[in-house]
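Top to bottom, those sequences are chains A and B. Here my numbering is used: the first residue of the first sequence is 1, the next is one more, and so on. Here my numbering is used: the first residue of the second sequence is 133, the next is one more, and so on. To start, the structure under review is shown below, and the notes come after it.
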Amino acid sequence: MRVAMTVWGDRISPVLDSARTLLIAEVAGGQVVDRRLEFFAAGFLPQLMQIIRQQAVEVLICGAVSQELASCIETCDVELVPFLAGDAELILETFARGQSVAVFAMPGCRCSGKCRNFMVDACRRKSDLCRQ
Amino acid sequence: MNPGDHRISSIANEIILESISDGVFTVDHEWRITSFNRAAEEITGIPRAEAIGRYCWEVFRSNMCEGDCALKRTMKEGKSFVNSSTYIVNSEGRRIPISVSTSLLKNVDDRVLGGVETFRDISVVEELRRELSGCVQLGDMVSRSSTMRHIFGILEQVARSGSTVLIEGETGTGKEVLARAIHNLSPRHERPFVAINCGALPDTLLESELFGYKAGAFTGAERDKPGLFLAAEGGTLLLDEMGDTSPAFQVKLLRVLEEREFQPLGGVERLRSDVRVIAATNRDLSQLVGEGMFRRDLFYRINIIHLKLPPLRERREDIPLLIDRFVARMNRLRDRAVAGIDQEAMALLMEHSYPGNIRELENIIEHAFVLCGNETIGIRHLPAGIVLLPRGHVDRPVSAGEAVNLESAVSSTETRVILEALERNGYNRRATAKDLGMHTTTLFRRLRRLGLQLPERDGRSVRSPKN
Chain A
1 MRVAMTVWGD
11 RISPVLDSAR
21 TLLIAEVAGG
31 QVVDRRLEFF
41 AAGFLPQLMQ
51 IIRQQAVEVL
61 ICGAVSQELA
71 SCIETCDVEL
81 VPFLAGDAEL
91 ILETFARGQS
101 VAVFAMPGCR
111 CSGKCRNFMV
121 DACRRKSDLC
131 RQ
Chain B
133 MNPGDHRISS
143 IANEIILESI
153 SDGVFTVDHE
163 WRITSFNRAA
173 EEITGIPRAE
183 AIGRYCWEVF
193 RSNMCEGDCA
203 LKRTMKEGKS
213 FVNSSTYIVN
223 SEGRRIPISV
233 STSLLKNVDD
243 RVLGGVETFR
253 DISVVEELRR
263 ELSGCVQLGD
273 MVSRSSTMRH
283 IFGILEQVAR
293 SGSTVLIEGE
303 TGTGKEVLAR
313 AIHNLSPRHE
323 RPFVAINCGA
333 LPDTLLESEL
343 FGYKAGAFTG
353 AERDKPGLFL
363 AAEGGTLLLD
373 EMGDTSPAFQ
383 VKLLRVLEER
393 EFQPLGGVER
403 LRSDVRVIAA
413 TNRDLSQLVG
423 EGMFRRDLFY
433 RINIIHLKLP
443 PLRERREDIP
453 LLIDRFVARM
463 NRLRDRAVAG
473 IDQEAMALLM
483 EHSYPGNIRE
493 LENIIEHAFV
503 LCGNETIGIR
513 HLPAGIVLLP
523 RGHVDRPVSA
533 GEAVNLESAV
543 SSTETRVILE
553 ALERNGYNRR
563 ATAKDLGMHT
573 TTLFRRLRRL
583 GLQLPERDGR
593 SVRSPKN
């Protein structure tokens, strides 16, 4: 499975909308087997979507993301795992092992079911991932 | 100063910080949040208890965090920055435009303890600015429908292609919004976007608007006037209601599109044009071609990329989303605090057929805003035309292949006429009957037969405007 994560140094980029570096990782057998970085102009959605499509990314892990951008990205058939914060490598390894990423949730993340619109879906998916 | 004064001062500071409407937070040297006031909680949607101790970028989530952090510059250079504009993403995933000021946080001994950042929600200002400039982003088109999501999915490729685009869709479906989004995503986004409604103007006026004219071209043309092709140079020109243009105009437009040159009225020189044309129509152009009402060669010339916007009745899943956006927008524009819409009113709006599409829905919400004060929007705040229509009533154009039931078509028209008359006469039944040229008992019989329910508001005390 190909997983992408917007990164800022060794951490998850705080806001996907203004991110500029994409870490693309190949996950197999519960571990990260390959990784590389792709760079794009901050805030330039077409370029980000082009990379996601070309690289056949299946899951995009990111920090905060606006509803508008989340809606657009989901049209690329990408599973979005948003509103995470922390050490990129640690989160990626945790995800690869199929373990809960809930501990990396950003402050204010409302997984209790009170969220609305895309947050409901995003959080539900994240909750599913958390339960794996 | 005695120790008691320090305590009072500290309490006073806290009261002030909690009472102001600007968000304020402080960080230590490791960028961890050490204080977070009430307004900061409101603007970010993050409770103080969750914010304290976290890295500021995990809480503040601004587009400046990664690249050009004002607080970082302040800490590095030791100077304050005032009113930098940026945006944050709040806990609901909404982009909140804010203005930010930063300064060093020092103790009484002038020792730097960290930094302080104050921020103000400027959504209202931005909304007004956008209203004035007519600027639209892709973000203005939010949808859950699969058709719309498909359009969103290919939009950036369409935008980058530079090809001519044909947008079809009923009135009020957002053709101009889509055209603006294509422009904003395209390499031409820093050049002008110009729109013209071709169906609203006679040929000669349309030509002079589009191509401009030279002084003396006709009576009253005292000096040169550049046309919209020139105004949109390097940018995008939206030709709306293309299906309503005359064959003569279609020939001229075809020539401009093929040769990329145009000639102002009264001029002898042909001017080069670098404009991307987007055509829009609420009619079925291929059908018009078949009927000989639209030139086939022009149709093929503009139909390079074809986007069809679905009517709102075919994307009902978007209705709650759109209502939320309209309510939030009107709250900001009118400084109101309407919480939303109650379930009954929502159910009614979900059933409506929206012949006027998104524009009609926006008008309905605006109507409700006038009547609802700061209450939640309920059925009593909706226009009578929505409330009185029997459940499941469909008021839409009948398509060519659809079986037409004359009786239901007559009932539909009769319903509309009666509702309009009732609204016109302030729901005074007697005045309405008189207006419609029938006896009051006949009106009541018709209301019963059509299944129309009258509002609680009784218009009997209201005198007819004609009386």
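Idealized CB from N, CA, C, for every residue including glycine.
Compute the Euclidean distance between the alpha carbons of residue i and residue j, then round it to the nearest angstrom.
| i | j | result |
| --- | --- | --- |
| GLU322(B) | ARG387(B) | 27 Å |
| GLY86(A) | SER100(A) | 14 Å |
| THR206(B) | LEU80(A) | 35 Å |
| SER194(B) | ILE220(B) | 4 Å |
| LEU417(B) | ARG226(B) | 38 Å |
| GLU449(B) | LEU584(B) | 27 Å |
| ILE550(B) | PRO443(B) | 26 Å |
| GLU401(B) | GLU391(B) | 14 Å |
| GLU173(B) | ALA4(A) | 31 Å |
| LEU69(A) | PHE83(A) | 13 Å |
| LEU582(B) | THR547(B) | 7 Å |
| ILE165(B) | VAL191(B) | 9 Å |
| LEU141(B) | PHE168(B) | A quick correction: the sequence has Ser, not Leu, at residue 141(B). Cα to Cα, SER141(B) sits roughly 18 Å from PHE168(B). |
| VAL459(B) | GLY488(B) | 19 Å |
| ILE178(B) | GLY155(B) | 12 Å |
| ILE73(A) | ARG276(B) | 13 Å |
| GLU146(B) | GLY366(B) | 55 Å |
| MET570(B) | GLY558(B) | 17 Å |
| LEU579(B) | ARG445(B) | 26 Å |
| ASP456(B) | HIS484(B) | 17 Å |
| LEU337(B) | MET106(A) | 58 Å |
| ALA411(B) | ASN463(B) | 34 Å |
| GLY517(B) | ARG556(B) | 11 Å |
| ASP34(A) | GLY98(A) | 17 Å |
| MET482(B) | THR564(B) | 29 Å |
| LEU441(B) | MET280(B) | 7 Å |
| GLU494(B) | GLY306(B) | 12 Å |
| LEU360(B) | MET1(A) | 51 Å |
| GLU209(B) | PHE157(B) | 19 Å |
| GLY266(B) | ARG461(B) | Because the pLDDT of GLY266(B) is 44, which lies under 50, any placement of that residue in the model is unreliable, and the question is left without a value. |
| SER295(B) | ARG404(B) | 17 Å |
In chain A, what lies closer than 7 Å to residue i by C-beta?
| i | result |
| --- | --- |
| CYS197(B) | PRO14, VAL15 |
| PHE191(B) | The sequence given here has Val at residue 191(B), not Phe. In chain order: PRO107. |
| GLU182(B) | PRO107, GLY108 |
| ARG186(B) | PRO107 |
Can you list the residues of chain A that residue i reaches, using a CB-CB cut of under 9 Å?
| i | result |
| --- | --- |
| SER194(B) | PRO14, VAL15, SER18 |
| THR176(B) | PRO107, GLY108 |
Residues of chain B with CB under 8 Å from residue i, in chain order?
| i | result |
| --- | --- |
| VAL65(A) | VAL221, GLY225 |
Among the options, which residue has its Cα nearest to the Cα of residue i?
| i | options | result |
| --- | --- | --- |
| ILE61(A) | ALA42(A), ILE12(A), LEU48(A) | ILE12(A) |
| PHE426(B) | ASP456(B), ILE518(B), ASP474(B), MET374(B) | MET374(B) |
| ALA347(B) | ASN329(B), LEU310(B), VAL326(B), GLY398(B) | GLY398(B) |
| VAL232(B) | ASP242(B), VAL214(B), SER223(B), LEU568(B) | VAL214(B) |
| PRO358(B) | GLN475(B), ILE497(B), GLN395(B), MET196(B) | GLN395(B) |
| ASP17(A) | ILE228(B), PRO324(B), MET482(B), ASP376(B) | ILE228(B) |
| GLU89(A) | CYS109(A), GLY9(A), LEU48(A) | GLY9(A) |
| LEU362(B) | VAL407(B), GLY510(B), ASP242(B), GLN382(B) | VAL407(B) |
| LYS238(B) | LYS211(B), GLU259(B), GLU224(B) | LYS211(B) |
| GLN475(B) | ILE148(B), SER217(B), LEU514(B), ALA183(B) | LEU514(B) |
| ILE511(B) | ILE490(B), ARG404(B), ALA479(B) | ALA479(B) |
| ARG466(B) | CYS201(B), SER405(B), CYS504(B), VAL409(B) | CYS504(B) |
Could you name the residues of chain A that residue i contacts, counting a contact when the two beta carbons are closer than 8 Å?
| i | result |
| --- | --- |
| VAL156(B) | Per Cβ cutoff of 8 Å: no residues; VAL156(B) is ~17 Å from chain A at best. |
| VAL274(B) | GLN67, GLU68, SER71 |
| GLY583(B) | Per Cβ cutoff of 8 Å: no residues; GLY583(B) is ~35 Å from chain A at best. |
For residue i, which residues in chain B fall below 7 Å Cβ to Cβ?
| i | result |
| --- | --- |
| ALA42(A) | GLY199 |
Taking Cβ positions only, does residue i come closer than 8 Å to chain E?
| i | result |
| --- | --- |
| CYS62(A) | Absent from the structure is chain E; the protein chains it does hold are A and B. |
| message | What ranges does the alpha helix (DSSP H) occupy inside the region 220 to 291 of chain B, keeping only unbroken runs of at least 4 residues that lie completely in it? | response | 255 to 265
| said: Just to confirm the assignment: which complete alpha helix (DSSP H) runs, minimum length 4, are found wholly within the region 427 to 456 of chain B? | reply: With a minimum length of 4 residues, the continuous alpha helix (DSSP H) runs that stay inside the region 427 to 456 of chain B are 428 to 434.
| query | Counting only runs that start and end within the region 353 to 423 of chain B, where is the alpha helix (DSSP H) found for 4 or more residues in a row? | reply | 360 to 363, 379 to 391, 417 to 422
| request: Indicate whether the contact test is met: 3 or more Cβ pairs, each with one atom in the region 295 to 312 of chain B and one in the region 468 to 479 of chain B, closer than 8 Å. | output: Result no; under three Cβ-Cβ pairs closer than 8 Å.
| query | Touch check for the region 244 to 257 of chain B and the region 431 to 447 of chain B: three-plus C-beta pairs under 8 Å? | reply | no
| said: Pairs of beta-carbons, one from the region 270 to 290 of chain B and one from the region 305 to 319 of chain B, closer than 8 Å: are there three or more? | reply: Contact holds: three or more Cβ-Cβ distances are below 8 Å.
| field | Stretch pair the region 445 to 464 of chain B + the region 332 to 343 of chain B: three plus CB contacts closer than 8 Å | value | no
| field | Every unbroken beta strand (DSSP E) inside the region 1 to 77 of chain A [3 residues or more] | value | As for any beta strand (DSSP E) of minimum length 3 sitting wholly inside the region 1 to 77 of chain A, the runs are 2 to 8, 21 to 28, 31 to 39, 59 to 61, ordered along the chain.
| Is the region 26 to 34 of chain A touching the region 44 to 54 of chain A, taking contact as three or more C-beta pairs under 8 Å? | no
| query | Three or more beta-carbon pairs under 8 Å between the region 37 to 47 of chain A and the region 236 to 250 of chain B, yes or no? | reply | no
| message | Threshold first: 4 residues or longer. Then list the alpha helix (DSSP H) segments lying entirely within the region 186 to 222 of chain B, N to C. | response | 188 to 192, 202 to 209
| request: Please list the segments of the beta strand (DSSP E) lying wholly inside the region 296 to 351 of chain B, counting only runs of 3 or more residues, in order along the chain. | output: Qualifying beta strand (DSSP E) stretches, in chain order: 297 to 300, 325 to 329.
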